[in-house]
Amino acid sequence: MYSPEGEERYYLGDWLVQPAQGRISQKKEQPVELPPRLMAVLTCLVDEAGATVSRQTFGEKVWAPSIVTDDALNRSILKLRKALGDQDSPHRFIETVPRRGYRLVAQVRPYLPEPADAPAPKASNNLPPQRSSFIGRGLEVEHVLSMMDAAPLVTLTGVGGVGKTRLSLAVAGQALEQGGFRDGGFFVELSAHEDAAMVFEAVAGAVNLQTAGAGVAALLDFLKARCILLVIDNCEHLIDATAALIDKILSSCPRVAILATSREPLNIEGEQLRLVPPLGVPDTAQAFESAESVQLFLERAAAVAPPIALNNENKRAITEICTRLDGIPLAIELAAARISHLSPMEIAARLDHRFTLLTGGGRVRPQRQQTLKAAVDWSYELLSQDEKQFLSRLSVFSGDFSLAAAEFICMDVESQTFNSLDVLASLVSKSLVVSSGVSGSRYRLLETIRFYAAERLMEAGESSASQERHCEWCLSLCTQSNFDQQMLEDATMQSLSLELENFRAAINWAEGREQWEAAATITLTLCGLWALRAGLQAEGLRRIEAVFQYPKISAPLKSKSWAVTAMQSTVLGDSTRLEEILNTAKREDMHADHLAYLCLADAIYRNRTNESIEKAKALFSQCRALADLHGLPRLKEFAALSLFHTELQRGSCQKAIAMGELLHSNEFALQVSIRTGLSHAYLINSNAEGIRRQAELMKEFFAKETRKPFQSRFFENLLTALSAIASGDLEQARCDLLKAGEIVVSTHYPLLDGECLLGFVALNIAEKDLKNANFLLTSIGAVREKGPAFRFGGSHALFTHLQQQLEKLKVHHRGTKSINADEKQRSTASILAMLKSEMKLQTAAR
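Everything in the sequence shown is counted per the numbering used here, starting at 7 for the first residue and increasing by one.
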């Protein structure tokens, strides 16, 4: 291992370190001054490069004779990482070794200056100069350079216009700057050539080899003795001839490296592939100003018009432009060129006609880059007839799709002349279809490609037939699950959620063609998604209500629509709508299985409105009997669970506990509801052991449940916190509630915020912080009056119990005050906002 001890300077990665001067620097950048202690920390890491340096070692070498604290060491490492530009994970310079210390992972090299009188000769090259700035792609450049260190052939692939050529030139320029190729770098442009024989001519011409009378052997002899980089651009249309020549070069010329760009792999032994991704677009993870696509749009727009004065309106428009153009640089540059006579809002409004809008690229550009359509035409015309047909038919999908769906819709039923898996794989390799999902099990089209393919489908006269096949596919999925499975969370609903975008498109298409039966079937099949998935309740209610306006649907679907609407209203807590549905549905000819759901909704409604519990129990019993008769096991479980929560909500905790201990289920939603409800009941009874047992049973169940990890962690923390409150371990309860709250804040899953906030109320009461507890509970109550605040009946029981506790404590604690007018106004804020505020207070209290 190289050690720089005693040397005046050395290289750490691409940084020149000068310990005596307290300075680090990179080529062409201003030096960074390091304070003595930071330089000492860096020297300590370098002295032990590759080994873990403990806090004790840092203390002895850097802080002695004083004592180093974890906080001081952590701050020093953070400052050092910032100076080295090492803040992204995984770290390139300093790696954290949990609970042990830190380790230097970057390479340390000696400083070997060139003799002053013998400057290194600059490698020759014919790389075309770039007249516009190269936006972003820093990580891609570094990654491709490291790939070139490992193999002599790297191929950049990606959809047309994504910036493969610009990236290859940036990589080549940096490689030459670093002195990696003594004899230079040479750019070979193939797009202008149509004859396979011209591949040799293009390469030979680029390296200045006289080709008259020369053949491939002469080229190989010329390259054999040279250390050069060849950048071979746009290989896809001459791919066989290009691959053959590159293979010969790499076999005969050991010091030649090749960086190729192609819309599909060359498939040569030893080839390394790098898919060039689109530029980043603004989203929840990337701010508007930092998105590379936005930076490109603004810079290119400033070249043709005065800089855009950004405001919320045009920020939204630019975000839409970059997102709908899939972050493809060519498309974004063509859109930015329109800023000279269109506003960002006007450009965004015209994106449905992007192929007529995005024209007018520079006259000296290759023809394929002068319009967006020409760029896609270039790729499309290189496809076989089967590939063209398959791609066109894929345009009917909205969102992503599976191989089975692609086969169903795109296969030629009459002839079946091709293997759909091979065709789809070929389209993926040509960057026209994007693979996604686990192990690439799902696929999608970029929006620009989908628009283009839809135009080709329409030209072929196949749009209507393909859309009808798409609707048939969606209907076939709907017949694979019954109503019982759809009303509760299970694996079937999870699989259907993958196709939500396609279901929406199929419903809209069926409604537009007055195929009411198909539209109603798909809409009602998705009742579980509409009711239980975050953010879909309002859309679900709107779509289900639309079914009632359809001119004609069959009696079974009509019956199902009443049941689905009743359950939807129950989930949303809309008692007024539920009462209307129940009164109307009772006059309808209801199928028995749908009647079972109606009974369940009626029972829940009576329970919420505090009507006779005996009537509610009778309806629950009727629901269970119908479910048992018609083979609806999940509904039977749900009815029993609902009765358990009814007893709990009405304050019959002992009876509820007796019922709940007999309930078991393999379904996630039911298991969570049972364990959480029992935990609420045991908390009301101050039974810490009962809650602890429920937490253990839930954790045991979660060990086998992998589909909902964040929900699993939430309920595990919530139940552990309730157990800690009951046993008096309030610091542990605070810690677990904060963990649960962090999950809620990051996922925004509905109604979990209320469950978590209720736990904080119980914690505040246990800590005698009665004013805060009273304020939180009043805030929850204000939201509860407008709609559901909790997910479980046990939560309502706990809410009432905590109210009663506060009322008793107010008598004995004079310091408790009723909330003032300002606090009453604040109590109408959302529960999620209240939870965030409470978490800040509890974090400060730790």
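Backbone N, C-alpha and C define an ideal beta-carbon position, used for all residues, glycine too. These numbers come from a predicted model, not from an experiment.
Can you name the residues that DSSP bridges to residue i?
i	result
R656	Answer by DSSP bridge pairing: none, since R656 is not bridged.
W855	Because the chain here runs from 7 to 852, residue 855 falls outside it and cannot be looked at.
V114	L18
V160	L265, Q278
L331	None; L331 has no bridge partner.
V440	R450
T102	Y108
N131	G191
L235	G191, A263
S408	R448
For a test of the three-state rule: what should DSSP assign to residue i, helix, strand or coil?
i	result
V194	strand
A263	strand
T248	helix
R29	strand
E295	coil
T58	strand
Q184	coil
D77	helix
V47	helix
G546	helix
N240	coil
V38	strand
A124	Because A124 carries a pLDDT of 40, less than 50, the predicted location of this residue cannot be relied on, and no value is offered for it.
F721	helix
L812	helix
V1	An answer regarding residue 1 cannot be provided, because it is not within the stretch 7 to 852 covered by the chain.
When you compare only the Cα positions, how much space is there between residue i and residue j?
i	j	result
C477	K564	20 Å
R448	S408	5 Å
M596	Y556	18 Å
T682	D155	56 Å
L22	V103	25 Å
F626	S648	8 Å
F228	L215	8 Å
L504	T531	14 Å
Q700	R719	14 Å
S836	I559	40 Å
E1	R450	Residue 1 falls outside the range modelled here, since the chain spans only 7 to 852, and no answer is possible.
A544	V789	18 Å
V160	L235	11 Å
P37	F403	53 Å
G186	G179	10 Å
E813	K774	13 Å
C484	R539	18 Å
Q136	I324	25 Å
L847	G765	14 Å
Given residue i, which residues of its chain have a CB within under 7 Å of its CB, disregarding the five upstream and five downstream residues?
i	result
G286	Q292, A297, E298, S299, G333
Q811	I771
L427	L409
Using a Cβ-Cβ distance cut-off of 9 Å, determine whether residue i contacts chain C.
i	result
H670	Considering every chain present, this structure includes no chain C. It has just one protein chain.
Please list, in chain order, all residues of the same chain as residue i whose beta carbon is under 6 Å from its beta carbon, the five residues on each side excluded.
i	result
R605	Reading the sequence as shown, one finds Cys at residue 605 and not Arg. Answer for C605: L625, Q628, C629, listed in chain order.
R306	E339, A342
I663	A687
A525	I513, A516, E517
V577	A537
P127	Legend: pLDDT at P127 = 48, less than 50; position of this residue unreliable, value from coordinates given subsequently. Within the same chain, P127 has no close Cβ partners at all.
F192	N132, A212, V213, L236
Which same chain residues end up closer than 8 Å to residue i when comparing Cβ atoms and leaving out the 5 residues on each side of it in sequence?
i	result
Q32	D20, W21, L22
E39	G28, R29
- Message: Quick test of the definition: if touching needs 3 or more C-beta pairs under 8 Å, does the stretch 168-179 touch the stretch 249-263?
- Response: no
- Sufficient close CB pairs (3 or more, under 8 Å) joining the stretch 596-605 to the stretch 567-586: yes
- Stretch pair the stretch 82-92 + the stretch 135-142: three plus CB contacts closer than 8 Å: By the C-beta criterion, the stretch 82-92 is judged not to be in contact with the stretch 135-142, since fewer than 3 inter-stretch pairs fall below 8 Å.
- Do the stretch 389-399 and the stretch 358-365 make contact, defined as three or more Cβ pairs closer than 8 Å? no
- Query: How do the stretch 635-648 and the stretch 668-676 stand: do at least 3 beta-carbon pairs fall below 8 Å, yes or no?
  - Reply: yes
- Determine, using beta-carbon pairs with one atom in the stretch 380-394 and one in the stretch 428-439, whether at least three such pairs fall under 8 Å. Segments in contact, yes.
- On the three-pair Cβ rule with 8 Å, is the stretch 236-249 touching the stretch 262-274? Yes: at least three Cβ pairs fall under 8 Å.
- At a cut of 8 Å, does the stretch 742-751 reach the stretch 702-711 through at least three beta carbon pairs? Counting C-beta pairs closer than 8 Å gives fewer than three between the stretch 742-751 and the stretch 702-711, which falls short of the contact rule.
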